[in-house]
Every structure is written in structure tokens, then in C-alpha cells.
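If you read the protein sequences in the order shown, they are chains S and R. Sequential numbering of the first sequence, starting at 87, is according to the numbering used here. Sequential numbering of the second sequence, starting at 160, is according to the numbering used here. Glycine residues also receive a C-beta, built at the ideal position from the N, C-alpha and C atoms. The structure displayed is predicted, hence computed values, not measured ones.
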Amino acid sequence: MALSDSEKIFLEKIDQDVRIEPKDWMPEAYRKTLIRQISQHAHSEIVGMLPEANWITRAPTLKRKATLIAKVQDEAGHGLYLYSAAETLGIGRDEMIGQLHSGKAKYSSIFNYPTLTWADMGAIGWLVDGAAIMNQVPLCRASYGPYARSMVRVCKEESFHQRQGFEILLVLSKGSEAQRRMCQDAIDRWWWPSVMMFGPNDDASPNSAQSMQWKIKRFSNDELRQRFVDVCAEQVKLLGMRLPDDDLKWNEERQHYDFGPIDWDEFNSVINGNGPCNKERLAARVQAHEDGAWVREAALAHVEKKRRRYA
Amino acid sequence: MHDKQWPLWEVFIRSKQGLDHKHAGSLHAADAAMAIENARDVYTRRMEGVSIWVVESKHIHASDPGEAASLYDPANDKIYRHPTFYDLPDELKHM
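So this is what it looks like as C-alpha cells:
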């Protein structure tokens, strides 16, 4: 099939690392892929506020409470950067929110796990945000301009999230026997879901090749996952804790850590709505949206009233 | 209940005195005052700015990227507009 002129120009730009901007011509499939990926990313930030907000009122010190509030506020901000990037592709905010609430759009399955102890705030910062950063840094060079620019902003802020998390665990790791147990328990529960955050293995990820060709993705799921495992396997030593994987060991030949098999049944089951908190998370979002409806209406009514008064 | 959308606003931020306002992103707000307040919370949580402009997105008019070539191309062959085009002796100072 012959390429149209517009298509040739588009592919040339991709090839030369020239960013695609909102008004440029782009293939419909590129637009759709981006809308799906960016909106899911935005939804993940918004739903991702819930597990941590759970601990704001029970943070152990004022410093930890202030930090946690700032972090959750950042996540709201990240969601908003990303929604506005998606909107440049021609989808409305209300449509995206509707897709989240109806279950049509997905969000990162990691947020369907519960936050049982304070140590979970540490493990989420270190592992969940760590995995997110590993994924997001290459997205700062994604071929779609507004997405790449949002990701630059997100990555700048995300670094504090990971560091504060590791610090929480570091303090616990030097604490009492009970605190050390709590630290290890949180790592045990968050490790595998974090490893799964990189998505299916490359041979089971049908959209990956196209996304890499379009330079939306720069590295494959398995490449990024390996990098994450390598980094964490070293960092965990500083905590004097262990990652819950008996097969984890350095492979001199590969110059990487080998690690055990991933339980994809669990991953698929959580994605398909059967994780421990799927229903609770979605219900919380829908309720917040419905409870806020009168505020959105009142604000518009107020603007309308002012407009009439000064007209 | 009918759920009407707040309009979309483009946000421009001056990162410090002496620099231009630069496009930062967009957001939804009922009016300009709310757009500025929201922009402060969304785009300047870490001292990224000292001044904010907002304008409703529908008021922005943009050039057509399809015409970029014909719009900007002529500038390319007018190299005599650049100081390096002129061949002058090395001894010439302060120019």
C-alpha cells in the first residue's frame, strides 16, 4: 500500500526525532494509542492518590504528614498534566473520566492493593514510584510533544517521592524488631506487584512493537523490568532487608540479576477487576465525582451571575 | 443532573522577573480567577513562577502546521541576514 504524503512526512519526523505536535497530521492509530496510554496514565495518578491518602491522618509525625500531603497533591497535579496532554488529541476531560468510571479505561493495577501498615508508604515510594520512574524517564523523549513535556514535569517531581519512601524504610530498618518486621512485610507484599508494573513480557505485549516504532516507547517492558530488578537488588542491601524471590541472584555472564517467574495469573486477575481493592477504588472515585457535581454547577452559576451583573 | 464542563484555559508562566511568560499547559476552570488559582496549584508548586497568565483556549489562533514549509522556508535562503555572511579581515576588532 502506498503511503500518503502526510504519512510520509509523519514517518520522516518520527525517524528524525522531530516531535509531533497537536495540530500536525498523525495516523488515527497513533492518536488512539496515545489517547489510551496518556489517559490510562492520568487515571493511574488520580487513583494512585487513594492508597496513600489512607495514611495521611495516621502519619507518625508532622513531617511525614506534610510530606505525604505534598506527595498526594503532586499526584493530583500529575493526573492533571496528563489529562490536559490527552485533551490536545481531541478527547474531552468528561469523556475520559466517564471511561474510568464505567470501567472501560484501565489504570495501573498496582493501586488495587491495600495499604495495610505505615511501612507501605515507604514501600510504595521506593518500589512503586521507583518502577514508575523507570518507565517514565524514557517517556520524556516520547514522540508526541505534549506528552513528553508533561513527563518532564512529572519526572522532576517524582524523584522526591522515591527518596522519601526509601527514607521511611531506612528509618524502620534501623528501628525495633517490630519495625524491622513491618518493613520486611511491606517489601514482601509490594515487590511482585511492582515488578508486574512493567506490563506483560515482550512476547505477550502485541502493541509494544508499534509503540516503539512510533517512538512513544523507547525500551521494551522486559528491558525496563530488568533494569528495575538490578537497581533494587542492590538498594535493598542498604536496608538490610531481602526481596521475596529465592531465584534472585547475580548472573556474571549476563551482567544482570536473574529473577524468578512472575505470576501472570495474579496480574491478569487484578487487571480484570478481581484485585483486593478494585471495587473500593473505583467506588471512591465515582463518589468523589458525584459529590463534587454541585460544586462544578455552582461555580458555573456564579460565573453566569457575575457575567449578567457586569454585562 | 446535567454536567456541563468548565471551559479549558491555557496557562503561561513567567519563571522569574525579566523572562517571558512561557506556555506551561492547560486546565479547566469556571472563570479566569479560578483558572489562575488552579494554575498556581497545578503548575507552580515548587516556585516555578512569579507571574501567571491564563487565556481561554478557544481564543488562541494558531498557524497551520501544513503551511509551515511555505511560511518559514524563505528565511532559509536569506543567509545575508546573519552576521556570519560577511567576510571581514581578522584585524578588524570590536565588531
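Excluding the 5 residues flanking residue i on each side, which residues of the same chain have their C-beta closer than 6 Å to its C-beta?
{"i": "Ala132/S", "result": "The residue asked about is misnamed: residue 132/S is Ile in this sequence, not Ala. The residues are Gly165."}
{"i": "Gln265/S", "result": "Leu258"}
{"i": "Ile177/S", "result": "Ile121"}
{"i": "Gln185/S", "result": "Ala191"}
For residue i, collect the residues of the same chain with a Cβ closer than 8 Å to its Cβ; drop the 5 residues on either side in sequence, then sort them by chain order.
{"i": "Ala234/S", "result": "Arg105, Leu225, Cys226, Arg227 and Ala228"}
{"i": "Asn307/S", "result": "Phe284, Gly285, Pro286, Asn287, Asp288, Ser291 and Ser294"}
{"i": "Gly189/S", "result": "Gly359 and Leu368"}
{"i": "Ser355/S", "result": "Gly361"}
{"i": "His187/S", "result": "Leu368, Arg371, Val372 and His375"}
Looking at residue i: is its Cβ nearer than 7 Å to the Cβ of residue j?
{"i": "Gln183/R", "j": "Asn197/R", "result": "The sequence shown places Ala at residue 183/R, rather than the Gln named in the question. Cβ atoms of Ala183/R and Asn197/R: not closer than 7 Å."}
{"i": "Ser280/S", "j": "Ala217/S", "result": "yes"}
{"i": "Leu325/S", "j": "Tyr230/S", "result": "no"}
{"i": "Ser236/S", "j": "Ala171/S", "result": "yes"}
{"i": "Asn364/S", "j": "Asn198/S", "result": "yes"}
{"i": "Val158/S", "j": "Glu181/S", "result": "no"}
{"i": "Glu215/R", "j": "Trp168/R", "result": "yes"}
{"i": "Met220/S", "j": "Phe314/S", "result": "yes"}
{"i": "Pro108/S", "j": "Pro362/S", "result": "no"}
{"i": "Val213/R", "j": "Lys175/R", "result": "no"}
{"i": "Tyr193/S", "j": "Ser130/S", "result": "yes"}
{"i": "Pro330/S", "j": "Trp276/S", "result": "no"}
{"i": "Glu161/S", "j": "Met135/S", "result": "yes"}
{"i": "Ile348/S", "j": "Ser195/S", "result": "no"}
{"i": "Asp110/S", "j": "Pro242/R", "result": "no"}
{"i": "Asp190/R", "j": "Val381/S", "result": "no"}
{"i": "Ile219/R", "j": "Ile172/R", "result": "no"}
{"i": "Met56/S", "j": "Phe353/S", "result": "Outside the shown range of chain S, which is 87 to 397, sits residue 56/S, and nothing can be said about it."}
If you drop the 5 nearest sequence neighbours on each side, which residues of the same chain put their C-beta closer than 7 Å to that of residue i?
{"i": "Ala272/S", "result": "Thr203, Ala205, Asp206, Gly208 and Ala209"}
{"i": "Lys260/S", "result": "none"}
{"i": "Tyr116/S", "result": "Trp300"}
{"i": "Ala145/S", "result": "Lys151 and Leu154"}
{"i": "Met160/R", "result": "Note that Met160/R scores a pLDDT of 39, beneath 50, so its modelled location is shaky and nothing firm can be said."}
{"i": "Glu173/S", "result": "Arg179"}
{"i": "Ser185/R", "result": "Leu167, Trp168, Glu169, Val170 and Ser216"}
Go ahead and pull the three-state DSSP assignment for residue i.
{"i": "Val170/R", "result": "strand"}
{"i": "Ser185/R", "result": "strand"}
{"i": "Ile95/S", "result": "helix"}
{"i": "Trp212/R", "result": "strand"}
{"i": "His220/R", "result": "coil"}
{"i": "Ile106/S", "result": "strand"}
{"i": "Asp344/S", "result": "strand"}
{"i": "Tyr193/S", "result": "coil"}
{"i": "Tyr396/S", "result": "helix"}
{"i": "Met160/R", "result": "Summary for Met160/R: the model assigns pLDDT 39, below 50, so the residue's position carries little reliability; its value from the coordinates is reported in the next sentence. Note: Met160/R maps to coil in three-state DSSP."}
{"i": "Tyr245/R", "result": "coil"}
{"i": "Trp336/S", "result": "strand"}
{"i": "Glu199/S", "result": "In the sequence as presented, Glu is not what sits at residue 199/S; that position holds Tyr. Coil."}
{"i": "Ala187/S", "result": "The question names Ala, yet the displayed sequence has His at residue 187/S. Three-state result, His187/S: helix."}
{"i": "His127/S", "result": "helix"}
{"i": "His180/R", "result": "strand"}
Under 6 Å from any heavy atom of the ligand HEM, does the C-beta of residue i make it?
{"i": "Glu244/S", "result": "In the structure shown, the ligand HEM is absent, as is every other ligand, since no ligand is present at all."}
Going along the chain, which residues of the region 358-387 of chain S sit with their C-beta nearer than 8 Å to a C-beta in chain R? Ala379, Arg382, Glu383, Ala385 and Leu386
What residues from the region 92-117 of chain S come within 8 Å of chain R, judged by C-beta to C-beta, listed N to C? Glu107, Lys109, Asp110 and Trp111
Taking beta-carbon pairs under 7 Å, can you tell me which members of the region 257-284 of chain S lie near chain R? Within the region 257-284 of chain S, contact with chain R at the beta-carbon level (separation under 7 Å) is assigned to no residue.
Report the residues of the region 145-162 of chain S with a CB closer than 9 Å to any CB of chain R, ordered along the chain. Ala156, Gln159, Asp160 and Ala162
Complete alpha helix (DSSP H) runs within the region 255-288 of chain S (minimum length 4 residues, chain order): 263-282
Could you run through the region 173-187 of chain S and flag, in chain order, every residue whose CB is less than 9 Å away from some CB of chain R? Per Cβ criterion, the list reads Glu173, Thr174, Gly178, Arg179 and Asp180.
Residue ranges of each alpha helix (DSSP H) run of no fewer than 4 residues wholly in the region 346-387 of chain S, ordered along the chain? Fully enclosed alpha helix (DSSP H) runs of 4 or longer: 350-355 and 364-377.
Mind listing, in chain order, the continuous alpha helix (DSSP H) runs of no fewer than 4 residues lying wholly within the region 288-326 of chain S? 294-299 and 307-325
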